[in-house]
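J.:
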Amino acid sequence: MSSVIIENITKTYEKGIVKALDNVSFEVKSGELFGLIGADGAGKTTLFRILTTLLIPDSGKATVAGFDVIKDLKQIRQIVGYMPGKFSLYQDLSIEENLNFFATVFGTTVEENFELIRDIYVQIEPFKKRLAGKLSGGMKQKLALCCALIHEPKVLFLDEPTTGVDPVSRKEFWEMLGRLKERGITIIVSTPYMDEAKLCDRIALIQNSKILDVDTLEGILTKNKQNLFAVSSDNMYQLLKDLRAYTDAVSCFAFGQHHHLQVKTPTSSDEKLRAYLAHRNHTNVSIETINPDIEDTFIKLMQDA
Amino acid sequence: MKLFFSFIRKEFWHVLRDTRSLVILLGMPVMMMLLFGFALSNEVKNSNIGILDLSHDESTQLLTNRFDQSRYFSVTKNLTHESQIEEAFRKNELRMVVIFPPKFRESLLHTNQAQIRLVGDATDPNTSNIMINYASAILRDYQNEIFGEQKFPYQINVESSMLYNPKLSSSFNFVPGVMTLILMLLGAMMTSVSIVKEKEKGTMEILLVSPMRPLMVVITKAIPYLLLCFIDVLLILVLAYTVLDMPLRGNILLLLAESILFIFTTLSLGLLISNLVDKQQTAMFISLVGLMMPALIFSGFMFPLENMPLPMQIISNLIPTKWYYSIVSSIMVKGLGIKFIWKQTLILVAMTVFYLAVAMKKFKIRLE
Amino acid sequence: MLNEEIVIKTNKLTKTFGDFTAVNAISFEVKSGEIFGFLGANGAGKTTAMRILCGLLSPTSGEAMVAGYDVYKENELIKKHIGYMSQKFSLYENLTVRENIEFFGGIYGLSRKELKEKGNDLIGRLGMEKEANKLVGSLPLGWKQKISFSTAILHQPKIVFLDEPTGGVDPITRRQFWDMIYEATDAGITIFVTTHYMDEAEYCNRVSIMVDGSISALDTPHQLKEQFETDSMEGVFLKLARQAKRGE
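Protein chains in written order, with the numbering used here: chain A, 1 to 305; chain B, 1001 to 1368; chain C, 2001 to 2248.
#1: Can you confirm whether T186/A, when its beta carbon is compared against all beta carbons of chain B, has any partner nearer than 8 Å?
#2: Less than 8 Å separating the beta-carbons of L1186/B and L1228/B?
#3: Among the candidates N1065/B, K1322/B, H1014/B, V1196/B, whose CA atom is the shortest distance from the CA of G1177/B?
#4: Spatial neighbours of F1073/B within its chain, please: C-beta separation below 6 Å, excluding the five flanking residues on both sides.
#5: Can you tell me which of T2151/C, T2220/C, K2146/C, E2131/C puts its alpha carbon nearest to the alpha carbon of L2115/C?
#6: Are the beta-carbon atoms belonging to V231/A and H259/A less than 8 Å from one another?
#7: Which whole runs of the alpha helix (DSSP H) in the stretch 1056-1102 of chain B are 4 residues long or more, in chain order?
#8: Secondary structure at A2044/C, three-state DSSP: helix, strand or coil?
#9: State yes or no: is the beta carbon of T2081/C nearer than 8 Å to at least one beta carbon in chain A?
#10: My guess is that K154/A and I79/A are in contact by the Cβ rule of under 8 Å, so how many angstroms apart are they, rounded?
#11: List the residues of chain A that P2171/C touches, going by C-beta distances under 7 Å, in chain order.
#12: Looking at the structure shown, is M2065/C part of a helix, part of a strand, or coil, going by DSSP?
#13: If contact means a Cβ-Cβ distance below 9 Å, which residues of the stretch 36-56 of chain A contact chain B?
#14: For A2192/C, write down the residues that DSSP places opposite it in a beta bridge.
#15: Taking 8 Å as the threshold (beta carbon to beta carbon), is H1014/B in contact with chain A?
#16: Got a sec: is the Cβ-Cβ distance from E263/A to anything in chain C below 8 Å?
#17: Looking only at its chain, what residues have a beta carbon closer than 8 Å to the beta carbon of L2135/C, apart from the 5 residues adjacent to it on each side?
#18: Hey, could you find the ends of the alpha helix (DSSP H) R2206/C is sitting in?
#19: Distance check for I1236/B and S970/B, CA to CA, integer angstroms please.
#20: Nearest chain A C-beta to G2043/C closer than 8 Å, yes or no?
#21: Using a Cβ cut-off of 8 Å (strictly closer), state whether F229/A contacts chain C.
#22: Does the pairing of the stretch 1336-1346 of chain B with the stretch 1273-1290 of chain B give three or more beta-carbon distances under 8 Å?
#23: Taking the alpha carbon of A62/A as the reference point, which residue from D304/A, K11/A, K140/A has its own alpha carbon closest?
#24: Specify the secondary structure class of N1165/B as computed by DSSP and reduced to three states.
#25: So what's C1229/B in DSSP terms, helix, strand or just coil?
#26: Out of Q1113/B, F1303/B, K1339/B, Y1325/B, point me to the one whose CA is closest to I1263/B's CA.
#27: Fully enclosed by the stretch 168-248 of chain A, which beta strand (DSSP E) runs are 3 residues long or longer?
#28: Mapping DSSP to helix, strand and coil, what is C147/A?
#29: Using only CA atoms, which one of Q238/A, V168/A, D166/A lies nearest to A278/A?
#30: For Q78/A, which residues in chain B fall below 9 Å Cβ to Cβ?
#31: Which of the three DSSP states is assigned to I1347/B in this structure?
#32: Taking just the CA atoms, how far does S1330/B sit from I1336/B?
#33: Pick out whichever of I1231/B, E1258/B, G1202/B, A1188/B has its Cα sitting closest to the Cα of I1338/B.
#34: Leaving out five residues on either side along the sequence, give the residues of the same chain with a beta carbon under 6 Å from the beta carbon of D1053/B.
#35: From V2030/C, Q2087/C, L2039/C, F2017/C, pick the residue whose C-alpha is nearest to that of S2058/C; which is it?
#36: Reducing DSSP to helix, strand and coil, say where L2240/C ends up.
Pasting the structure below:
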């Protein structure tokens, strides 16, 4: 069963000049942890705002838990939880006050649904008297998640919850999402971090207001096979330039300690490349044939688009 | 109901935790009252006055000296004809002219009656009024001197007239003026800014995506400010009565009731503004330029409306502050009752209903 | 272009706010031409340390020299000789590309003629001739970041401080951005960079990781991975940051 269905949604701003979403369609299954992955400005926030009834699309149709995002505004607002990208709680209210307030807003109490947020809340409870404005980024984010969960929503929308958050807090956050998913909540997360794709059941890649692909991570990776070498040497910057000048090269980008070189000809042999690099005086050369990861694939899809 | 109180409580947290704004909100009326009061009592000191003496007798000579010696006046010009008065006012040479009619002493002693005219330049009505009062006091003293304490029928009839602003009523005009301004500022600006803040900070986004009616946010926002405005009204009245010795004529309950009505008017204006803009700065700018300026210009507090060209007078009817100002000065200064202000009251009610209706209609349940 | 000239040197640099020690006696050196990665969890003290080094904040105790100037007494001179770019504030959205370049160049005292020349040169190098007179607000984030970086190094500073320069940027632009960083180091500019992308930590010559106000590790990515027996910088980071006791 699909929890969220999006059909041909298009949305423009400023009287059609700025295109935010271009004919976007996909479905999110009930109970799924779904990732919407793309850079800032790709259209993620606009899509979330349409699904949470905050914006009306120019054209297209979308439903959340069977309710139409335009007509059934009231019903949708009863059952969704939403955490906007910008920290949007009252900075001059304490953790406790914020949580109680939002519980009342959703017609419930903190006690009633405490089980759901217990995990997360215990981490910030020692600071419950502190004003939200004085919290660190990680704590703010946990508080915001608690507030979005307080009414036990059926569908949870999290807009870039991990942007600007360090890897440790990000990991913790995803662990929390995993536990929420086990309770049967459908979760849709947007993120600019490609590596978070592996933590989602399925992902949609979005770039320049268009969906590049929707599938499981493996599905996307197998669909987009590339001939890739991971190459490193002692002079990485020179290596990058030389690899880009290599005759068989499609593209070459830095990937941490290696450069990923995409070549035209499918080959498992690296001899030609090795010879080329030796000729260019590279020392300590290491070449490995690799399978593309999500970033390689995203780059390829961007170039294809 | 629980939801309602939870909102109200939250609004009070916002207001009470923002100490700086709170100090301004409660400090500003005090400051304005004291400044106006202080400026007023200092205004009249050795003001230039002219004498138009058509009698030239012992009494007029003496009175002229009395005026000159008083610390309030200094006689700088002797006029010979009434036509010179306007010119002297225009050139800002004189602020008041004392006119002794021919045969002043003679008629005073023989008919026990004498006329004297005081003509003030009422472009600054407050000052002018005070000057007339001081001048009258000097004349009264003189009267007492010649006739002693006994209540003789001898009388100097003081006839004072105000040029440019003939209907001028009282030197305490600024008190209704301050009340009007403060309520406008607090009611409209603070309410709109605090609602727009929710939009700017993104909290409105979350509240919109919730089952409660977003109108609740907006209505409950107004309540703490209603209370603060009311406190300010009381503060101003207490200051006027105690520090400035202003006599409180008229029915105080009526005055408070009318003030609450006007607070509602300003709050609904604030709601209206907040529905139209998205930035705190814009809300503040609109409140200041769009509301405060007209409030200052068109209420009759700074500039007498009677002297404005007709189109301006017509415009002034659209400004709620004009009506409230007129109500307050009628009650406080003239001591009039509801019989005389029901028209203004009705106009204010109508305006409030109109603003609220537009605000509700314009209220957005989505982001754009 | 590494040489042995030291451009940043701190010795027991400390900053306290009340009874909270944001930066706790950190000592390190950055060599000229180096790409120095400055990592740490949120709240570890990175931002405070960076502000001190940029001359925006006075330390409580300890010493620090930046570009040869003392952070206590010569912070104005420091500001003149460094470049700074952050993700949050970089350019004026309502000015055009050219106006931004000229404005920021002007701040650093470039002459009118220099501004024109360098501005044109820069716009040419970025391939933005068509966009030069467009408002910055209308450009994609990735472009803004590139312009922003280019203006930060327009006055050829010795060091440029980059505060999470690639947050939220798409994978291609992110890499193009690093190409620009490499290019800048080729020209002898030292890079001091913070990031939350661990693959970017690999591009640095040396990386320091702050935990609870102190520097817990400082070495080349290769050495760090060996020391912490893991195959990625993310592994190193997680192992270190997990030790954090400070309640964020």
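Cβ atoms here follow ideal geometry from the backbone N, Cα and C, with glycine treated the same way.
T.: Taking the definition as stated:
#1: At a cut-off of 8 Å between C-beta atoms, T186/A does not count as an interface residue with respect to chain B.
#2: yes
#3: K1322/B
#4: Cβ neighbours of F1073/B beyond the five flanking positions: S1047, I1049, F1067.
#5: T2151/C
#6: yes
#7: 1058-1069, 1083-1090
#8: coil
#9: The question names Thr, but residue 2081/C is His in the sequence shown. So, not an interface residue.
#10: 4 Å
#11: M194, E295, F298, I299
#12: Reduced to three states, the DSSP call for M2065/C is strand.
#13: R49, T52, T53, L54, L55, I56
#14: Note that residue 2192/C is Phe in the sequence shown, not Ala. Answer by DSSP bridge pairing, in chain order: F2036/C, F2161/C.
#15: Cβ-Cβ to chain A under 8 Å: yes for H1014/B.
#16: Reading off the sequence shown, one finds Val at residue 263/A, where the question assumed Glu. It does not; no Cβ of chain C falls within 8 Å.
#17: E2093, N2094, L2095, T2096
#18: Where R2206/C is concerned, there is no enclosing alpha helix (DSSP H), although the beta strand (DSSP E) it sits in stretches over 2206-2211.
#19: This structure leaves residue 970/B out entirely; chain B is present only between 1001 and 1368.
#20: yes
#21: Chain C places no beta carbon closer than 8 Å to that of F229/A, leaving this residue out of the contacts.
#22: no
#23: K11/A
#24: Residue placement at N1165/B cannot be trusted, given a pLDDT of 40 that sits under 50; the coordinates are not used to answer.
#25: Three-state result, C1229/B: helix.
#26: Of all alpha-carbon atoms in Q1113/B, F1303/B, K1339/B, Y1325/B, the one lying nearest the alpha-carbon of I1263/B is that of Y1325/B.
#27: 186-191, 202-207, 210-215, 228-232
#28: In the three-state scheme derived from DSSP, where H, G and I count as helix and E and B as strand, C147/A is classed as helix.
#29: Q238/A
#30: When 9 Å is used as the limit between beta carbons, Q78/A is near these residues of chain B: S1210, P1211, in chain order.
#31: helix
#32: The sequence shown places Leu at residue 1336/B, rather than the Ile named in the question. The alpha-carbon atoms of L1336/B and S1330/B are separated by roughly 6 Å.
#33: E1258/B
#34: T1060, F1100
#35: F2017/C
#36: L2240/C carries a helical assignment under DSSP once its states are collapsed to helix, strand and coil.
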